[in-house]
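Only one structure is covered here, and it is reproduced in the block below.
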């Protein structure tokens, strides 16, 4: 019953010395009102809140139109949304700001988050929850990974996939170009099962990386069936993102169909000039698969450069079994590897390796930020393709390096971006500030969506952009009570200025935090306040709720 809707039984006071029947009725009505007031839900009394955010413009994560309201937080959760009277223990003014659910980054490589628990590059970007373990690489012992997070504390919430490459390497003893034996396959399935029981949200593959590149589709289907039994997802860095992308997509669809599993295409793109202009075909293939009953979604980072190891420039067959050095000592093998690398360049539409930039080469840090052609000229005195290949080999022999690869078109990027099932994910790890010259997406991805593609180019409504970073990933990866600003959900929030939010990280100077993001809360606790990290570590392990 609403206090304000209770009828008064009589508006006329009793005359002195007279006690009409209405007197008793009014007395008991007043008593009832007082009792109701005393027991009125705490959600209407701001003093009962730990925090109230006032006068903000609410974008709730569902895609619905924004509206103005206060948000009350109590014991880590959203307790009330509306016009909240009274005083709270703490209040902040959201006038002119957007109040939205914290962003969920479904594609990260943050296995070392306990070593960098503040995750500052992500937290200051408005990210409150991440999914790590992507591209086939994860912690092997998922339960131990979560227990360490819970014991030592991190600033943001963490979910993880169980990685196929990790499992395959552990069971098969390395990167070998052969199928697993029956016993090995059984042990791989057991490891995936253990990971899912421990709370992994699904299985990931990285089918351009060792040893996943040597796996057959049937092997992956068997492992995906294990994840499917727990309502997990299959997230894949597909086998080819260039000229052979159609067959790579067909493999994802087959795995989803035969394993009975939901599938996520990681960082959807068209890589290499020869593949540009096919975004429409890719989207049509995905839509056809969905129309046939498959649950297919995808994520994207909003930059036209990718980032991975420089080792990816070397053919997988040359690195198989850990015998790269031996093969280079064989003149015939060396010539074969050189020819294959040149052929790959030509197929992708590049004349040389100037599109590949060294991001972090610990053996020789002076090369960080230079492209391969520039680095070859500096170290070898010549920048021919042969010199560039020799440098790539030298980097690989010295432990490798990370790189940034400029190989996509803006037109394709925008076509993928406007698709309603595209989530925005950084494909980044947690960064050590000022170390190396990494891809700027780890500092700017979400802010770039809001600034360039929403505010400036108007390719997305603000409400839609936020839906893609909040409720869509929460539903897709089964992150319960997250991703939507509503009463009862965990208070993961980002509060930002829609007119000033801006990515400031660049390829040349990536170590810059975004502008315009004022506050970030994780489970009701400020991890970013007035634009600065607080040092708080309220993050939780987001274990998939295993069905009994």
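Residue numbers (the numbering used here): 62 to 609. Note that CB positions come from ideal geometry on N, CA and C, so glycine has one too. Keep in mind the model is a prediction, meaning the values are calculated, not measured.
Those residues which DSSP pairs with residue 255 across a bridge: Here residue 255 corresponds to residue number 194 of the chain shown, with the count starting at 1. None; residue 255 has no bridge partner.
Continuous alpha helix (DSSP H) assignments of at least 4 residues falling wholly in the stretch 454-539: Whole alpha helix (DSSP H) segments, 4+ residues: 471-478, 502-509, 523-530, 532-537.
Same chain, Cβ closer than 8 Å to residue 102, five either side skipped, listed in chain order: As a position in the chain shown, residue 102 is number 41, starting the count at 1. For residue 102, the pLDDT reaches just 48, beneath the cut-off of 50, and the residue's location in the model is therefore unreliable, although a value from the coordinates is still provided. Here the set comprises nothing.
Inter-residue spacing [alpha-carbon to alpha-carbon] between residue 562 and residue 286: Taking the chain shown and counting its residues from 1, the one referred to as residue 562 is at position 501. Taking the chain shown and counting its residues from 1, the one referred to as residue 286 is at position 225. Whole-angstrom Cα-Cα distance: 42 Å.
Host alpha helix (DSSP H) of residue 554 (start-end): Residue numbering aside, residue 554 sits at position 493 when the chain shown is read from its first letter. Here residue 554 belongs to no alpha helix (DSSP H); instead the beta strand (DSSP E) covers 554-557.
Among 352, 411, 543, the one whose alpha carbon lies nearest that of residue 374: For the purposes of this step, residue 374 is taken as the residue at position 313 of the chain shown. Nearest of 352, 411, 543 to residue 374, Cα basis: 411.
For residue 432, three-class secondary structure by DSSP: For the purposes of this step, residue 432 is taken as residue 371 along the chain shown, with counting starting at 1. Three-state DSSP puts residue 432 in a strand.
Contact belief for residue 294 with residue 538 at Cβ below 8 Å, rounded distance in angstroms: Taking the first residue of the chain shown as 1, we reach residue 294 at position 233. Taking the first residue of the chain shown as 1, we reach residue 538 at position 477. Yes, residue 294 and residue 538 are in contact; Cβ-Cβ is about 6 Å, under 8 Å.
Cα-Cα separation between residue 426 and residue 354, rounded to whole angstroms: Within the chain shown, numbered from 1, the residue matching residue 426 stands at position 365. Within the chain shown, numbered from 1, the residue matching residue 354 stands at position 293. Distance from the CA of residue 426 to the CA of residue 354, rounded to the nearest whole angstrom, comes to 50 Å.
Close Cβ partners of residue 182 (< 8 Å) along its chain, the five nearest in sequence each way excluded: Here residue 182 is taken as the residue at index 121 of the chain shown, counted from 1. Hits under 8 Å: 489, 491, 492, 494, 503, 504, 574.
Other residues of its chain near residue 510: CB distance less than 6 Å, five sequence neighbours each side excluded: Taking the first residue of the chain shown as 1, we reach residue 510 at position 449. Only 363, 485, 526 meet the Cβ criterion.
Close beta carbons around residue 334, own chain, < 6 Å, minus the five adjacent residues each side: Locating residue 334 in the chain shown gives position 273, where the first residue counts as 1. Hits under 6 Å: 410.
Within-8 Å CB hit, residue 362 to chain C: Of the chains in the structure shown, none is chain C; there is only one protein chain.
Check: residue 490 C-beta below 7 Å from any heavy atom of the ligand COA: The ligand COA is absent from the structure shown, which contains no ligands of any kind.
Which of helix, strand or coil DSSP assigns to residue 593: On the chain shown, residue 593 is found 532 positions in, with the first residue counted as 1. In the three-state reduction of the DSSP assignment, residue 593 falls in the strand class.
Residue 593 versus residue 583 - alpha carbon distance: As a position in the chain shown, residue 593 is number 532, starting the count at 1. As a position in the chain shown, residue 583 is number 522, starting the count at 1. Cα to Cα, the separation comes out at about 14 Å.
Cross-strand partners of residue 551 (DSSP beta bridge): Translated into the one-based positions of the chain shown, residue 551 becomes position 490. In DSSP, residue 551 forms a bridge with 138.
Bridge partner(s) assigned by DSSP for residue 115: As a first step, residue 115 must be located in the chain shown, where it is residue number 54. The partner list for residue 115 (beta bridge, DSSP) reads 154.
Where the beta strand (DSSP E) through residue 298 begins and ends: Numbered from its first residue, the chain shown carries residue 298 at position 237. Element bounds for residue 298: 294-298.
Terminal residues of the alpha helix (DSSP H) in which residue 343 lies: Taking the chain shown and counting its residues from 1, the one referred to as residue 343 is at position 282. Unbroken alpha helix (DSSP H) run through residue 343: 340-352.
Rounded distance between the beta-carbons of residue 200 and residue 169, thought under 8 Å: For the purposes of this step, residue 169 is taken as residue 108 along the chain shown, with counting starting at 1. For the purposes of this step, residue 200 is taken as residue 139 along the chain shown, with counting starting at 1. Residue 169 to residue 200, Cβ: 13 Å. No contact.
Beta bridge counterpart(s) of residue 360 as assigned by DSSP: Locating residue 360 in the chain shown gives position 299, where the first residue counts as 1. The secondary-structure analysis by DSSP pairs residue 360 across a beta bridge with 484.
DSSP bridge partner residues for residue 226 (one or two, in chain order): As a first step, residue 226 is located in the chain shown; it is residue number 165 there, counting from the start. Assignment of beta-bridge partners to residue 226 by DSSP yields no partner.
Collapsed DSSP secondary structure at residue 407 in the structure displayed: To locate residue 407, count along the chain shown from 1; it is residue 346. Helix, per DSSP.
Beta-bridge partners of residue 688, as assigned by DSSP: Lying outside 62 to 609, the shown extent of the chain, residue 688 is not represented and no answer is given.
Sequence-distant residues of the same chain with beta carbon closer than 8 Å to residue 173, five excluded per side: Start at 1 with the first residue of the chain shown, and residue 173 comes out as number 112. These residues qualify, in order along the chain: 490, 491.
Length of the line joining the Cα atoms of residue 397 and residue 389: Against the chain shown, residue 397 aligns to sequence position 336. Against the chain shown, residue 389 aligns to sequence position 328. Distance between the alpha carbons of residue 397 and residue 389 is about 10 Å.
Where residue 202 falls: helix, strand or coil (DSSP): Counting from one through the chain shown, the residue named residue 202 turns up at place 141. Residue 202 falls in the coil class under three-state DSSP.
Neighbourhood of residue 515 by C-beta distance below 6 Å, restricted to the same chain and skipping five residues each side: As a working mapping, residue 515 is identified with position 454 in the chain shown. Contacts found: 521, 523, 526.
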